[in-house]
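From first to last, the protein sequence lines stand for chains R and B.
One gets the working numbering by counting positions in the first sequence from 1 and adding 27 to each.
One gets the working numbering by counting positions in the second sequence from 1 and adding 27 to each.
Here a beta-carbon is modelled for each residue, glycine too, at the ideal position from N, C-alpha and C.
Being a predicted model, the structure only gives us computed values, none of them experimental.
The block underneath contains the structure these notes are about, expressed in structure tokens.
2 protein chains.
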Amino acid sequence: MKWIEQELLRRAREIDQLLIEFLPSENGYPPVIHQAMRYSVLAGGKRLRPILVMAAAETVGGNLRSVQPVAVALEFIHTYSLIHDDLPAMDNDDFRRGKPTCHKIFGEAAAILAGDALLTLAFEVLAKSASTCDSPPPSVVLQVIQEVAQAAGTLGMIGGQVVDLESEGQPIAETTLEYIHRHKTGALIRASVRAGALFSGANADDLADLTEYAEDFGLAFQIADDILDVVGDERKLGKPVGSDLRNEKSTFPSLYGLEQSRKIAQDSVARAVARLARFGGRARFLKELVEHVIERDN
Amino acid sequence: MKWIEQELLRRAREIDQLLIEFLPSENGYPPVIHQAMRYSVLAGGKRLRPILVMAAAETVGGNLRSVQPVAVALEFIHTYSLIHDDLPAMDNDDFRRGKPTCHKIFGEAAAILAGDALLTLAFEVLAKSASTCDSPPPSVVLQVIQEVAQAAGTLGMIGGQVVDLESEGQPIAETTLEYIHRHKTGALIRASVRAGALFSGANADDLADLTEYAEDFGLAFQIADDILDVVGDERKLGKPVGSDLRNEKSTFPSLYGLEQSRKIAQDSVARAVARLARFGGRARFLKELVEHVIERDN
Numbered sequence: 028m029k030w031i032e033q034e035l036l037r038r039a040r041e042i043d044q045l046l047i048e049f050l051p052s053e054n055g056y057p058p059v060i061h062q063a064m065r066y067s068v069l070a071g072g073k074r075l076r077p078i079l080v081m082a083a084a085e086t087v088g089g090n091l092r093s094v095q096p097v098a099v100a101l102e103f104i105h106t107y108s109l110i111h112d113d114l115p116a117m118d119n120d121d122f123r124r125g126k127p128t129c130h131k132i133f134g135e136a137a138a139i140l141a142g143d144a145l146l147t148l149a150f151e152v153l154a155k156s157a158s159t160c161d162s163p164p165p166s167v168v169l170q171v172i173q174e175v176a177q178a179a180g181t182l183g184m185i186g187g188q189v190v191d192l193e194s195e196g197q198p199i200a201e202t203t204l205e206y207i208h209r210h211k212t213g214a215l216i217r218a219s220v221r222a223g224a225l226f227s228g229a230n231a232d233d234l235a236d237l238t239e240y241a242e243d244f245g246l247a248f249q250i251a252d253d254i255l256d257v258v259g260d261e262r263k264l265g266k267p268v269g270s271d272l273r274n275e276k277s278t279f280p281s282l283y284g285l286e287q288s289r290k291i292a293q294d295s296v297a298r299a300v301a302r303l304a305r306f307g308g309r310a311r312f313l314k315e316l317v318e319h320v321i322e323r324d325n
Numbered sequence: 028m029k030w031i032e033q034e035l036l037r038r039a040r041e042i043d044q045l046l047i048e049f050l051p052s053e054n055g056y057p058p059v060i061h062q063a064m065r066y067s068v069l070a071g072g073k074r075l076r077p078i079l080v081m082a083a084a085e086t087v088g089g090n091l092r093s094v095q096p097v098a099v100a101l102e103f104i105h106t107y108s109l110i111h112d113d114l115p116a117m118d119n120d121d122f123r124r125g126k127p128t129c130h131k132i133f134g135e136a137a138a139i140l141a142g143d144a145l146l147t148l149a150f151e152v153l154a155k156s157a158s159t160c161d162s163p164p165p166s167v168v169l170q171v172i173q174e175v176a177q178a179a180g181t182l183g184m185i186g187g188q189v190v191d192l193e194s195e196g197q198p199i200a201e202t203t204l205e206y207i208h209r210h211k212t213g214a215l216i217r218a219s220v221r222a223g224a225l226f227s228g229a230n231a232d233d234l235a236d237l238t239e240y241a242e243d244f245g246l247a248f249q250i251a252d253d254i255l256d257v258v259g260d261e262r263k264l265g266k267p268v269g270s271d272l273r274n275e276k277s278t279f280p281s282l283y284g285l286e287q288s289r290k291i292a293q294d295s296v297a298r299a300v301a302r303l304a305r306f307g308g309r310a311r312f313l314k315e316l317v318e319h320v321i322e323r324d325n
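Here's what the structure looks like:
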């Protein structure tokens, strides 16, 4: 196994531990909501957003302990968005990562409320993060809360989901596809990198380069996802291939073809890597991570 | 019309103006989500939570302008909770305040996302509030965000809704009814009063008294709501009476009888008024407000 693959597994396991620590106890009253939250947060996943938070902090030489609540909060927001996206009124998915979705186990009402609760808890965790000993000044924590809320809101992730739902079953323009990708997944990826950097006291130049890195990373990541849905191995992906085609979703391969899509992704990766030049060896993980994005098979 | 009734109308209209200012434009892309948010926020209501935020600030001599974003944020959170509570998977209500509910107009997917968006926007507005010229120190804003998130979360409002849904159609104990009231509506009312006071630099004694006021206010408010559902005038209430009975919801009148319920509410009001002693004339509005709660007919 390559170094980056080992590191990704190791870091994901670390994040899993953190998530367990930050989640409310399953026995807390009323138990069903806390069980539903734990079920979905601990149902697995690559933990990409918290890994990006921590890696951005590492790259600018930040304190990896103080940034932990930020990493956890971003994964809570990501999980809430998956729970709500899977609901019958939205994408109506019965399975995610091979497991029944939250509403299949706990019912629709509990799933809606578990999503609401994870979003709410994310902001509580962010606001509380200012009271640990190595935390940045309160004004920086407020800036992070503001940016994360913006990225998760109607001009970010929610906006992307709205346009994605509206576009299903009909041909869309290239600009619309790019809007969906930039907002539905890109905004939170960008916010994760920026939050990790801001929390670690990154200067304006470092922050600008990491922001550009995050935008190219998000684009490459999404195109790779689209390509895997066409050419991927069902067992390795943990989900059926060809679902975008069946759901009549426009994707990069359907609009640009496979070869051109690969080229756009490769160009994004090259731009992202170039943005890491100033950080030297501390950016090794972020560099290999974005290169891995277009080589991965799951 | 009594002074308190005039003041309530005047203040509600002021809040309506603020809400319009803080809501994203209906033309913002994608329009449907912004239209759904505006529809539900501007569908009317007593604006009780923002009025309490402003009144708490007034009572401790705070700056009424700097606390405006806090008032708006609390109404956004209240509206999100109504949109999600009305969904088919929850209380399945087609009308609220005589108007079709959000999902009846915009569909379930947009209603779920509009609720999510209002909750997210509330935290963005709170975090941004630190950047106005008269705002309190960032650490106070962070404390308010933390308290509001806790009040809206599973140990507050969401917990109350979970237990309320679980209890429908079956007899419940008095302790369960009190849990539901204290959490489903009480927690956000308490957070509104505390947020207004904290934002205005209230000292520990003022804060303690206003917190007790808020808890008794919340109890009296909820009992009065239960009583109006039994003896109220449908036209003045804007909703059918007897709905709790039809939905087999346990209420104060069903558990304690009308007379005993009135007595509990009156005792709560008396305790709340006593807590305002130290504030003198500045607490006139809060005093008349809690007295009005058990006299109102809508």
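Contact between the segment 131–141 of chain B and the segment 54–66 of chain B is defined here as three or more beta-carbon pairs at a separation below 8 Å; is this criterion met? The segment 131–141 of chain B makes contact with the segment 54–66 of chain B; the number of CB pairs closer than 8 Å reaches 3 or more.
Take valine 59 of chain B and list the residues in its own chain whose beta-carbon comes closer than 6 Å to its own, dropping the five residues that flank it on each side.
Beyond the five residues adjoining it in sequence on each side, valine 59 of chain B comes within less than 6 Å, by CB distance, of Ala137 in the same chain, given in chain order.
Original post:
Counting contacts by CB-CB distance shorter than 8 Å, is isoleucine 172 of chain R in contact with chain B?
Top reply: Taking Cβ atoms only, chain B reaches closer than 8 Å to isoleucine 172 of chain R, which makes this a yes.
Requested in this report: Starting from the Cα of valine 317 of chain B, find the closest Cα among B:Glu195, B:Ala70, B:Arg124, B:Ile216 and give me that residue.
Outcome: Relative to valine 317 of chain B, the option among B:Glu195, B:Ala70, B:Arg124, B:Ile216 whose CA is nearest is B:Ile216.
Exercise. From glutamate 195 of chain R to aspartate 120 of chain B, what distance separates their C-alpha atoms?
Worked result: Put simply, the backbone Cα of glutamate 195 of chain R is about 28 Å away from that of aspartate 120 of chain B.
DSSP bridge partner residues for alanine 298 of chain R (one or two, in chain order):
The question names alanine, but residue 298 of chain R is arginine in the sequence shown. For arginine 298 of chain R, which the question treats as bridged, DSSP gives no partner whatsoever.
Check: Is there at least one Cβ from chain R nearer than 8 Å to serine 326 of chain B's Cβ?
Finding: The structure shown has nothing for residue 326 of chain B, since chain B only spans 28 to 325.
Checklist entry - Alpha carbon to alpha carbon, how far is aspartate 113 of chain B from threonine 128 of chain B? => result Cα-Cα distance, rounded: 7 Å.
Could you pull the start and end residues of the alpha helix (DSSP H) that isoleucine 42 of chain R belongs to?
-> For isoleucine 42 of chain R, the enclosing alpha helix (DSSP H) stretches over residues 30–49.
In the DSSP assignment, find the alpha helix (DSSP H) that holds glycine 81 of chain R and state where it starts and stops.
Residue 81 of chain R is actually methionine in this sequence, not glycine. 75–86 is the extent of the alpha helix (DSSP H) around methionine 81 of chain R.
### Query
Skipping 5 residues on each side, what residues in its chain have a beta carbon closer than 7 Å to that of leucine 192 of chain B?
So the qualifying residues of the chain are Met117.
* Count the other CB atoms, across all protein chains shown, that sit within 10 Å of the CB of glycine 213 of chain R; report buried if there are 16 or more and exposed otherwise. => Glycine 213 of chain R should be labelled buried.
For alanine 310 of chain R and aspartate 232 of chain R, I'd like the C-alpha separation in whole angstroms.
A direct Cα-to-Cα measurement between alanine 310 of chain R and aspartate 232 of chain R gives close to 15 Å.
### Message
For the structure I just gave you, are there three or more beta carbon pairs, one from the segment 150–167 of chain B and one from the segment 88–104 of chain B, closer than 8 Å?
### Response
By the criterion of at least three beta-carbon pairs nearer than 8 Å, the segment 150–167 of chain B is in contact with the segment 88–104 of chain B.
| query | In whole angstroms, what is the alpha-carbon distance linking leucine 50 of chain R and glutamate 242 of chain B? | reply | Roughly 28 Å between the two C-alpha positions.
Q: Note down, in chain order, all residues in the segment 184–200 of chain R with a beta-carbon under 8 Å from any beta-carbon belonging to chain B.
A: Only Ile185, Gly186, Gln188, Val189, Val190, Leu192, Glu193 from the segment 184–200 of chain R bring a Cβ to less than 8 Å from some Cβ of chain B.
What does histidine 111 of chain B reach in chain R if we use C-beta pairs closer than 7 Å?
Going along chain R in sequence order, the residues near histidine 111 of chain B (Cβ under 7 Å) are Ile139, Asp143.
Taking the beta carbon of glycine 125 of chain R as the centre, do at least 16 other beta carbons fall within 10 Å, making it buried, or is it exposed?
Exposed: under 16 other Cβ atoms inside 10 Å.
Would you verify that the beta carbon of glycine 307 of chain B is, or is not, closer than 8 Å to some beta carbon of chain R?
Closer than 8 Å: no.
(message) Is it buried or exposed, glycine 142 of chain B, if we count other Cβ atoms within 10 angstroms and call 16 or more buried?
(response) Buried: at least 16 other Cβ atoms inside 10 Å.
For alanine 224 of chain B, which residues from the same chain have a beta carbon less than 6 Å from its beta carbon, with the 5 sequence-adjacent residues on both sides left out?
Apart from the 5 residues on each side of it in sequence, alanine 224 of chain B sits with its Cβ closer than 6 Å to the Cβ of Ala83, Val87, Leu234, Leu237 in its chain, given in chain order.
message = So, with DSSP's three-state summary, where would you put lysine 126 of chain R?
response = Per DSSP, reduced to three states, the secondary structure at lysine 126 of chain R is strand.
Q | Within 8 Å, strictly: CB atoms of valine 320 of chain B and alanine 229 of chain B | A | Not closer than 8 Å, so no.
Item checked: Buried versus exposed call for valine 296 of chain B [16 or more other C-beta atoms within 10 Å across all chains shown] -> Counting C-beta atoms within 10 angstroms of its own C-beta, valine 296 of chain B has 16 or more neighbours from the protein chains shown and is therefore classed as buried.
**Prompt:** Taking C-alpha atoms, which residue in B:Ile207, B:Ser93, B:Ile78, B:Ala70 lies nearest to threonine 159 of chain B?
**Reply:** Of the candidates B:Ile207, B:Ser93, B:Ile78, B:Ala70, the one whose C-alpha sits nearest the C-alpha of threonine 159 of chain B is B:Ser93.
Beta-carbon of proline 51 of chain R versus every beta-carbon of chain B: anything under 8 Å? Chain B contact via Cβ: present.
Exercise. Have a look at valine 190 of chain R and proline 280 of chain R and give me their C-alpha separation to the nearest angstrom.
Key: Taking the straight line from one Cα to the other gives about 19 Å.
Taking Cβ-Cβ distances shorter than 7 Å, what residues in chain R pair up with isoleucine 132 of chain B? Simply none; closest approach about 14 Å.
- Query: alanine 222 of chain B CB to nearest chain R CB: under 8 Å?
  - Reply: With a threshold of 8 Å between beta carbons, alanine 222 of chain B makes no contact with chain R.
* Going by beta carbon distance, what residues of the same chain come within less than 6 Å of phenylalanine 248 of chain R, once the five residues before and after it are set aside? -> Cβ-Cβ distances below 6 Å link phenylalanine 248 of chain R to Val320 in the same chain, with the five nearest sequence neighbours on each side left out; the list follows chain order.
Would glutamine 177 of chain R pass as an interface residue toward chain B - the criterion being a Cβ-Cβ separation below 8 Å? With a threshold of 8 Å between beta carbons, glutamine 177 of chain R makes contact with chain B.
Serine 162 of chain R beta carbon less than 8 Å from that of valine 171 of chain R = No, Cβ-Cβ distance for valine 171 of chain R and serine 162 of chain R is not below 8 Å.
Next on the checklist: Taking only three categories from DSSP, how would you classify proline 58 of chain R?
Outcome noted: Under the three-state reduction of DSSP, proline 58 of chain R is assigned to helix.
Problem - Nonlocal neighbours in the same chain, by C-beta distance under 8 Å from leucine 303 of chain B, ignoring five residues either side - result: So the qualifying residues of the chain are Thr86, Asp236, Tyr240, Ala310, Leu313, Lys314.
Q. Is DSSP giving serine 281 of chain R helix, strand or coil here?
A. DSSP places serine 281 of chain R within a helical segment (H, G or I) once states are collapsed to three.
Chain R beta carbons: is any one of them nearer than 8 Å to that of phenylalanine 150 of chain B? Yes, because at least one Cβ of chain R sits closer than 8 Å to the Cβ of phenylalanine 150 of chain B.
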